[in-house]
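Student: In UniProt numbering, the protein residues as written are 1 to 514.
Laid out in structure tokens, this is it:
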């Protein structure tokens, strides 16, 4: 008996406005109205709901009346938000499916974000938000989760396990599985989480090659695809479907849904195949070993790594700036933190991908921008505007947060050298890291930078610590090495204490005015 696991994915990003230059008169906290093109977002949602979501959910609801049918659904938080604003019929259809008790709902980062690349703490929070919304909206307690883009490494597994999930969904790539088949149940490192690997080859046939003029009938043959299912060896087969495939990506929704209906009929008629949910499979099967996710893997592109979101200079620049802004967004909370999370949407970074060939064509087909450069320019304008609003919201506190905790972009960080042309590999982005670095670098590195007077200049011009910069410039590189290190550490600690006091006073004053 082979368990067939069908996962239907539903997602619409909250797309940015295609305009440049600072907005005026919007008010400091009005992030979403300023940044997002909700006229376009509403138009696309209504079209996709009519062509794809509602007909597909109706079909699934009818099939779920049969005790033999099982499936799972993963609906992104950005989609649920938009349905709540503009199309409650989709939410009603999801509730109808929930009532069958035969469909499992999968949790993921609420904003379909790459938060696990940017900030693990917020990755955990976004998973928890999605889980909470599924409970509030559908009265459903999610016990299976997956990361955006099927990104997985040991840290993701540990996070999901710590949140109490029983199962995680991962990409069945060779870099994660090695010689092993995706058609067995596995476990995370340490065994705290059961892992189900997606059969991406079978999934891609349906999601990207379902319809083609090269096919005799213009659409894949359900019987031929069924034979692939029937011939699979192992304990399970996890296949994911982008629900938009049926009616939106391929406009002949009736034909694509008829294909799917026939395929499902054939699977249900085979007593050696059993439609199950991921959780049911985990309860009936035993893991065949642990998967070691030392390096991140994903479902993206041929590389199955993070390169779809974080490989070119445009993407890296934006990611560096997002990391830098997180402490400020977290401190601001509320609308500012929600805006940061919306700016983490994986789609935005995919739009900046400069890959060519079939991979590049797939990325561009989802983008509402004319080019990766336009996507970058729009995002960068938005990010600049967002940063200024954050500074305005936090006032003087923003300065002290940046000093103490800001994760500066690579180009603004201080890189320690042991001498000319001899990098030490040690980098500082804020006072906390500067203190740690001074305690670690060789004494000759400290003397080298004091002699060049570039450390004091960085402290003044980048961190904005005028008193510390003056104190550093007064130190002599000719002092006894460890005495010089001790004096420098004392000056940094003094500056940190002052920043903490000022930050605390500012927060206390802000709270008294609230």
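No residue lacks a Cβ here, since even glycine has one placed at the ideal position from N, Cα and C.
1. Where does residue 103 fall in DSSP's three states?
2. Applying the criterion that 16 or more other CB atoms from any shown protein chain within 10 Å of the CB defines a buried residue, is residue 320 buried or exposed?
3. By DSSP, does residue 242 sit in helix, in strand, or in coil?
4. Would residue 376 and residue 314 qualify as a contact pair, given that the criterion is a beta-carbon distance under 8 Å?
5. Report yes or no: do three or more beta-carbon pairs, one from the segment 260–272 and one from the segment 110–126, lie closer than 8 Å?
6. Buried or exposed for residue 122, going by 16 or more other Cβ atoms inside 10 Å?
7. Which class does residue 248 belong to by DSSP, given the choice of helix, strand or coil?
8. Considering residue 304, what are the terminal residues of the alpha helix (DSSP H) in which it resides?
9. Under a three-way DSSP split, which group does residue 290 fall into?
10. Excluding five sequence neighbours on each side, which residues of the same chain lie with their C-beta closer than 7 Å to the C-beta of residue 466?
11. Measuring alpha carbon to alpha carbon, tell me which residue in 129, 235, 76, 388 is nearest residue 181.
12. Which residue or residues does DSSP assign as beta-bridge partners of residue 415?
13. Here's a check: name, in chain order, each residue in its chain whose Cβ is nearer than 8 Å to the Cβ of residue 72, leaving out the five neighbours to either side.
14. Considering only their Cβ atoms, is the gap separating residue 281 from residue 196 smaller than 8 Å?
15. Please say whether residue 328 and residue 448 have beta carbons closer to each other than 8 Å?
16. Buried or exposed, going by whether 16 or more other CB atoms sit within 10 Å of the CB of residue 373?
17. Taking 8 Å as the limit between beta carbons, can you name the residues of its chain near residue 430, skipping five residues before and five after?
18. Can you look up residue 123 in the DSSP assignment and give me helix, strand or coil?
19. Please report how far the alpha carbon of residue 129 lies from the alpha carbon of residue 163, in whole angstroms.
20. In the DSSP output, which residue or residues are listed as bridge partners for residue 186?
21. Are the CB atoms of residue 183 and residue 237 within a distance shorter than 8 Å?
22. By the 10 Å Cβ neighbour count, where 16 or more other Cβ atoms means buried, how is residue 355 classified, buried or exposed?
23. Where does residue 9 fall in DSSP's three states?
24. Looking at residue 74 and the ligand MG, is the gap between the Cβ and the nearest heavy atom below 7 Å?
25. Which runs of the beta strand (DSSP E) spanning at least 3 residues fall entirely within the segment 316–343, listed in chain order?
26. Check whether the Cβ atoms of residue 293 and residue 172 lie closer than 8 Å to each other.
27. Mind reading off the beta-carbon distance from residue 298 to residue 198? Whole number of angstroms is fine, and I expect it under 8 Å.
28. For residue 223, report the span of its beta strand (DSSP E) as first-last.
29. Taking just the CA atoms, how far does residue 388 sit from residue 131?
30. Would you call residue 85 buried or exposed, if buried means 16 or more other Cβ atoms sit within 10 Å of its Cβ?
31. Closest to residue 108 by CA distance: which of 488, 371, 149 is it?
32. Mind checking whether residue 423 and residue 415 have CB atoms under 8 Å apart?
33. Would you decide whether residue 491 is buried or exposed? Buried here means 16 or more other CB atoms lie within 10 Å of its CB.
34. Just the C-alpha distance for residue 326 and residue 436, rounded to the nearest angstrom, thanks.
35. Output the boundary residues of the beta strand (DSSP E) element that contains residue 72.
36. Determine the extent of the beta strand (DSSP E) in which residue 203 is found, giving its start and end residues.
Tutor: Considering the structure as presented:
1. In the three-state scheme derived from DSSP, where H, G and I count as helix and E and B as strand, residue 103 is classed as strand.
2. The residue in question, residue 320, is buried, as its Cβ has 16 or more Cβ neighbours within 10 Å.
3. Reduced to three states, the DSSP call for residue 242 is strand.
4. Yes, the Cβ-Cβ distance between residue 376 and residue 314 is below 8 Å.
5. Too few Cβ pairs lie closer than 8 Å, so no.
6. Buried is the label assigned to residue 122, since at least 16 other Cβ atoms lie within 10 Å of its Cβ.
7. If DSSP states are grouped into helix, strand and coil, residue 248 belongs with coil.
8. Premise fails: residue 304 is in no alpha helix (DSSP H) and is neither H nor E.
9. Note: residue 290 maps to strand in three-state DSSP.
10. Closer than 7 Å at the Cβ level, and outside the excluded window around residue 466, lie 460.
11. Residue 235 is the option with its Cα nearest to residue 181.
12. Its beta-bridge partners are 427.
13. 5, 6, 7, 8, 103, 104, 105, 106, 144, 277, 278, listed in sequence order.
14. Yes, they are a contact pair.
15. No, these two residues do not count as a Cβ contact at 8 Å.
16. Counting other Cβ atoms within 10 Å of its Cβ, residue 373 stays below 16 and is therefore classed as exposed.
17. These residues qualify, in order along the chain: 402, 403, 404, 405, 406, 407, 408, 463.
18. Helix.
19. Those two C-alpha atoms are separated by around 12 Å.
20. Bridge partners of residue 186: 195.
21. It is a contact, given that the beta carbons lie within the stated cut-off.
22. So residue 355 counts as buried.
23. Note: residue 9 maps to strand in three-state DSSP.
24. Among the components modelled here there is no ligand, and therefore nothing to report on the ligand MG.
25. Runs found: none.
26. Taking 8 Å as the Cβ cut-off, residue 293 and residue 172 do not qualify as a contacting pair.
27. Residue 298 to residue 198, Cβ: 11 Å. No contact.
28. Counting along the chain, residue 223 falls outside any beta strand (DSSP E), though it belongs to the alpha helix (DSSP H) covering 222–230.
29. Approximately 32 Å between the Cα atoms of the pair.
30. With fewer than 16 Cβ atoms within 10 Å of its Cβ, residue 85 is classed as exposed.
31. Nearest in C-alpha terms to residue 108, of all of 488, 371, 149, is 149.
32. Yes.
33. Residue 491 should be labelled buried.
34. Just so you know, the alpha carbons of residue 326 and residue 436 end up roughly 21 Å apart.
35. Here the beta strand (DSSP E) through residue 72 covers 71–75.
36. Residue 203: not part of any beta strand (DSSP E); member of the alpha helix (DSSP H) spanning 200–209, first to last residue.
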